[in-house]
Amino acid sequence: MGRSGVSKDDVTAGLMISLAAEPLAALMLRLTGLDITRCPVCRGGRMRVVALPRPGALPVPVWDTS
30 MGRSGVSKDD VTAGLMISLA AEPLAALMLR LTGLDITRCP VCRGGRMRVV
80 ALPRPGALPV PVWDTS
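Using the working numbering, you'd call the opening residue of the sequence shown number 30 and step up by one each time.
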């Protein structure tokens with residue numbers, strides 16, 4: 030414990046709780062000013078999840094053909 034009576038573990042636990050309580054999109058908007066739920070091209074449409082990779086699935090390699 031430090032002079033304040035708060036241990037490093039207490040601070041880390043508090044940070045994890047505060048991060049878990051805030052959705053990622055809200056956190057990104059607050060920290061960067063970017064709305065990651067908006068289309069990066071037209072800025073008008075909303076992005077939505079259409080598929081998620083299976084847990085443990087390897088990414089498909091992209092070959093550089095240049």
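Quick reminder that beta carbons are idealized off the backbone N, C-alpha and C, glycines included.
Close Cβ partners of residue i (< 8 Å) along its chain, the five nearest in sequence each way excluded
| i | result |
| --- | --- |
| C68 | G74, R75 and M76 |
| L58 | D64 and I65 |
Cβ separation of residue i and residue j, assumed to be a contact under 8 Å, to the nearest whole Å
| i | j | result |
| --- | --- | --- |
| A54 | I65 | 6 Å |
CA nearest to the CA of residue i, picked from the options
| i | options | result |
| --- | --- | --- |
| R72 | D93, V89 and L63 | L63 |
Contact set for residue i: own chain, Cβ-Cβ below 6 Å, skip 5 residues either direction
| i | result |
| --- | --- |
| P88 | none |
| L81 | none |
Contact set for residue i: own chain, Cβ-Cβ below 7 Å, skip 5 residues either direction
| i | result |
| --- | --- |
| D93 | none |
| R83 | none |
Please give me, in chain order, every unbroken run of the alpha helix (DSSP H) with length at least 4 that falls completely inside the region 47-77. Complete alpha helix (DSSP H) runs here, min 4: 53-61.
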